[in-house]
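To start, the structure itself, in structure tokens.
Protein chains: 2
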Amino acid sequence: MPYRRTENVVRRLALREDTILGAAEALAIEGGMAAVQVASVAERAGIAAGTVYRYFPSKTDLIAELISGVAERELEAVRLAAEAAPGPLSALAAGLASFAARALQRRRLIWAVTAEPVDADVDTLRLDFRQSLAAEFERRIRAALAGRHLPDQDARVSAPAIVGALLEGLVGPMAPSPDNDAAARVAVQAATLLSLRALGVVDARARGLVAQCVLPV
Amino acid sequence: MPYRRTENVVRRLALREDTILGAAEALAIEGGMAAVQVASVAERAGIAAGTVYRYFPSKTDLIAELISGVAERELEAVRLAAEAAPGPLSALAAGLASFAARALQRRRLIWAVTAEPVDADVDTLRLDFRQSLAAEFERRIRAALAGRHLPDQDARVSAPAIVGALLEGLVGPMAPSPDNDAAARVAVQAATLLSLRALGVVDARARGLVAQCVLPV
DNA sequence: CGGGCGCGTGAATCACCATTCACTCGTTGC
DNA sequence: GCAACGAGTGAATGGTGATTCACGCGCCCG
Numbered sequence: 266m267p268y269r270r271t272e273n274v275v276r277r278l279a280l281r282e283d284t285i286l287g288a289a290e291a292l293a294i295e296g297g298m299a300a301v302q303v304a305s306v307a308e309r310a311g312i313a314a315g316t317v318y319r320y321f322p323s324k325t326d327l328i329a330e331l332i333s334g335v336a337e338r339e340l341e342a343v344r345l346a347a348e349a350a351p352g353p354l355s356a357l358a359a360g361l362a363s364f365a366a367r368a369l370q371r372r373r374l375i376w377a378v379t380a381e382p383v384d385a386d387v388d389t390l391r392l393d394f395r396q397s398l399a400a401e402f403e404r405r406i407r408a409a410l411a412g413r414h415l416p417d418q419d420a421r422v423s424a425p426a427i428v429g430a431l432l433e434g435l436v437g438p439m440a441p442s443p444d445n446d447a448a449a450r451v452a453v454q455a456a457t458l459l460s461l462r463a464l465g466v467v468d469a470r471a472r473g474l475v476a477q478c479v480l481p482v
Numbered sequence: 266m267p268y269r270r271t272e273n274v275v276r277r278l279a280l281r282e283d284t285i286l287g288a289a290e291a292l293a294i295e296g297g298m299a300a301v302q303v304a305s306v307a308e309r310a311g312i313a314a315g316t317v318y319r320y321f322p323s324k325t326d327l328i329a330e331l332i333s334g335v336a337e338r339e340l341e342a343v344r345l346a347a348e349a350a351p352g353p354l355s356a357l358a359a360g361l362a363s364f365a366a367r368a369l370q371r372r373r374l375i376w377a378v379t380a381e382p383v384d385a386d387v388d389t390l391r392l393d394f395r396q397s398l399a400a401e402f403e404r405r406i407r408a409a410l411a412g413r414h415l416p417d418q419d420a421r422v423s424a425p426a427i428v429g430a431l432l433e434g435l436v437g438p439m440a441p442s443p444d445n446d447a448a449a450r451v452a453v454q455a456a457t458l459l460s461l462r463a464l465g466v467v468d469a470r471a472r473g474l475v476a477q478c479v480l481p482v
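Which chain is which? The protein sequence lines are A and B, in order. In this text, residue positions in the first sequence follow our numbering: the first is 266, and each later residue adds one. In this text, residue positions in the second sequence follow our numbering: the first is 266, and each later residue adds one.
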């Protein structure tokens with residue numbers, strides 16, 4: 266590698282950074298945050314431990330980037346799903362279903378990034394993720410509330426509660442793991458249904474909304 | 266102290282054990298699980314670090330006892346509240362409200378014991394707590410389901426989701442902290458209401474049930 | 001009362017990881 | 001070709017916190 270950064274080298278460096286982040290993600294998926302250790306990440310990425318520090322000033326920064334990357338992806342998916350829906354209530358349903366479906370697919374990673382402990386600095390970031398998620402849902406809840414589609418309630422309480430219900434009910438360690446696609450689909454629908462009811466949509470109407478949701482890949 | 270354990274000494278030892286557990290609990294309340302370190306616990310209990318090991322084979326065992334003590338208390342409270350209610354649906358409501366109210370009062374402790382990271386062995390115990398809680402709610406949900414008080418649903422999914430919603434909505438770091446008793450009462454009622462709706466009780470009926478609940482001290 | 005059992009002690013030890021740094025070596029610009 | 005730059009290395013370092021252990025002392029037993 267060069268001493269005046271060549272186009273070629275820049276690409277190589279960026280690639281390596283992605284490799285490192287990928288290794289960290291893979292380890293988180295396999296063994297949770299506890300498995301994301303600088304030495305293991307380096308080994309997995311095929312480099313020396315010290316090299317990690319050429320790319321990230323500290324392990325905390327590495328994990329921060331991992332978490333914010335995941336958060337961005339998930340939030341974007343929720344937004345897209347919601348925006349494709351015709352009205353505020355179906356947007357809410359679509360957002361919930363989309364998050365539920367994706368979270369279930371990526372259980373380990375979402376759990377690691379959302380609930381597992383690292384250190385105080387990272388906790389802030391994890392919290393940010395949950396909060397952005399809650400904020401996104403809160404926005405949708407307010408919109409539905411404004412359209413009189415939901416009974417009067419404090420969205421500031423409902424939104425975090427829904428996030429908790431979905432995470433705990435679907436990706437948390439207590440959640441039953443569906444062993445095939447059909448079972449997963451049922452679980453996602455059940456969780457979405459429960460969330461909509463929690464917000465005050467009556468069972469029958471909620472079932473209709475859920476049935477209309479297009480679940481992501 | 267003696268070499269054939271006198272009545273007196275047994276008492277002294279038991280007292281000391283309680284002191285240690287009390288110190289651990291106090292630290293958890295003040296600074297979360299991270300603050301529960303053998304050295305700090307010892308200092309707080311007014312003994313040397315080594316002494317802790319005369320009472321608990323390892324820090325993990327100490328924390329295990331702390332968690333299971335808290336879990337037992339909370340579960341018992343839920344059971345009592347539920348059993349005092351006239352029918353299955355109001356029993357469910359009473360159990361939820363009781364848990365919500367107590368959890369809110371003891372936010373820091375419940376959060377620490379329920380969600381904060383320690384190590385893999387302790388995680389099992391934390392999980393046990395959540396599971397017993399979910400199991401207790403699940404039982405009540407099934408009873409209500411059997412009486413046709415709730416729409417058809419999989420209690421194995423609903424129960425953990427409710428636990429998640431209550432914890433995240435009330436005690437988690439995103440939950441707004443009520444600054445007086447009245448606000449706390451409102452928050453507990455809102456969370457209970459949301460949980461009942463999640464299970465399929467329609468808003469108006471749920472409000473009635475919540476209004477009837479006697480909140481614990 | 002005196003012998004001895006263990007409790008209590010806390011400094012030392014151990015283990016685990018993140019982080020550093022003196023050095024090697026591939027690549028580039030001339 | 002070759003001088004120089006900086007990426008890559010990985011053993012050594014450092015910090016944090018649990019756990020141990022050899023010793024001193026208070027209390028029970030006869």
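Glycine residues also receive a C-beta, built at the ideal position from the N, C-alpha and C atoms.
- Contact between the segment 396-411 of chain A and the segment 348-362 of chain A is present, with at least three C-beta pairs closer than 8 Å.
- Its Cα nearest to that of Leu280 of chain B, the residue B:Gly311 stands out among B:Ala300, B:Gln302, B:Gly311.
- Scanning its chain for C-beta atoms nearer than 6 Å, with the 5 sequence neighbours on each side dropped, one finds around Gly465 of chain A the residues Leu415, Pro416, in chain order.
- Between Ala293 of chain A and Ala380 of chain A, the C-beta gap is not smaller than 9 Å, which leaves the two residues out of contact.
- A Cβ of chain B is located within less than 9 Å of the beta carbon of Glu433 of chain A.
- Per DSSP, the continuous alpha helix (DSSP H) segment holding Arg367 of chain A begins and ends at 353-370.
- Counting only Cβ-Cβ distances below 7 Å, Val467 of chain A has contacts in chain B at Val467, in chain order.
- Remark: three or more beta-carbon pairs, one from each stretch, lie closer than 8 Å, so the segment 387-396 of chain A and the segment 332-342 of chain A are flagged as touching.
- Taking Glu282 of chain B as the centre and dropping the five residues before and after it, the same chain places the C-beta of Tyr320 closer than 7 Å to its C-beta, in chain order.
- Against Glu381 of chain A, the close residues of chain B are Pro382, in the order they occur along the chain (beta-carbon pairs closer than 7 Å).
- Judged by DSSP secondary structure, Ile285 of chain B falls within the alpha helix (DSSP H) whose first and last residues are 272-296.
- Among the residues of chain B, those whose CB is under 7 Å from the CB of Gln396 of chain A are Met439, following chain order.
- Between Ala455 of chain B and Asp386 of chain A, the gap from beta carbon to beta carbon reaches 9 Å or more.
- Here Leu432 of chain A is buried, its C-beta having at least 16 other C-beta atoms within 10 Å.
- The C-beta of Gly412 of chain A comes no closer than 9 Å to any C-beta of chain B.
- Listed along chain A, the residues sitting closer than 9 Å to Asp419 of chain B by beta-carbon distance are Pro441, Val451, Ala452, Ala455.
- Listed in chain order, the alpha helix (DSSP H) elements of length 4 or more contained wholly in the segment 374-450 of chain B are 385-411, 420-431.
- Per DSSP, the continuous alpha helix (DSSP H) segment holding Val306 of chain B begins and ends at 303-310.
- The shortest C-alpha to C-alpha distance from Leu458 of chain B to any of B:Gln477, B:Arg413, B:Ile328 is the one to B:Gln477.
- Contacts with chain A at 9 Å (Cβ-Cβ) include Ala426 of chain B.
- For Val475 of chain B, the closest Cβ of chain A is not nearer than 9 Å.
- Relative to the Cα of Ala366 of chain B, the nearest Cα in the group B:Tyr318, B:Ala447, B:Arg472 belongs to B:Ala447.
- Under a criterion of Cβ atoms nearer than 9 Å, no residue of chain A is adjacent to Pro481 of chain B; the nearest Cβ is some 20 Å distant.
- Of the other Cβ atoms in all chains shown, fewer than 16 fall within 10 Å of the Cβ of Leu345 of chain B; this residue is therefore exposed.
- The distance from the Cβ of Pro425 of chain A to that of Gly437 of chain B is about 6 Å, consistent with a contact at the 8 Å cut-off.
- Comparing alpha-carbon positions, the option among A:Glu330, A:Gly352, A:Ala399 lying closest to Thr284 of chain A turns out to be A:Glu330.
- Contact annotation for Ala399 of chain A against chain B: Glu433, Met439 [CB-CB distance below 9 Å, chain order].
- Within chain B, the residues Leu459 have their CB atoms less than 7 Å from the CB of Ser423 of chain A, given in chain order.
- The three-state secondary structure of Leu464 of chain B, taken from DSSP, is coil.
- Less than 9 Å separates the beta-carbon of Val428 of chain B from that of Met439 of chain A.
- Ala299 of chain A has its alpha-carbon roughly 29 Å from the corresponding atom of Glu308 of chain B.
- In this structure, Arg405 of chain A places its C-beta atom within 9 Å of the C-beta atom of Gly360 of chain A.
- Secondary structure at Ser323 of chain B: coil, using DSSP grouped into helix, strand and coil.
- In the three-state DSSP reduction, Val479 of chain B falls in the coil class, being neither helix nor strand.
- A straight line joining the alpha-carbon of Ala463 of chain B with that of Glu403 of chain B spans about 13 Å.
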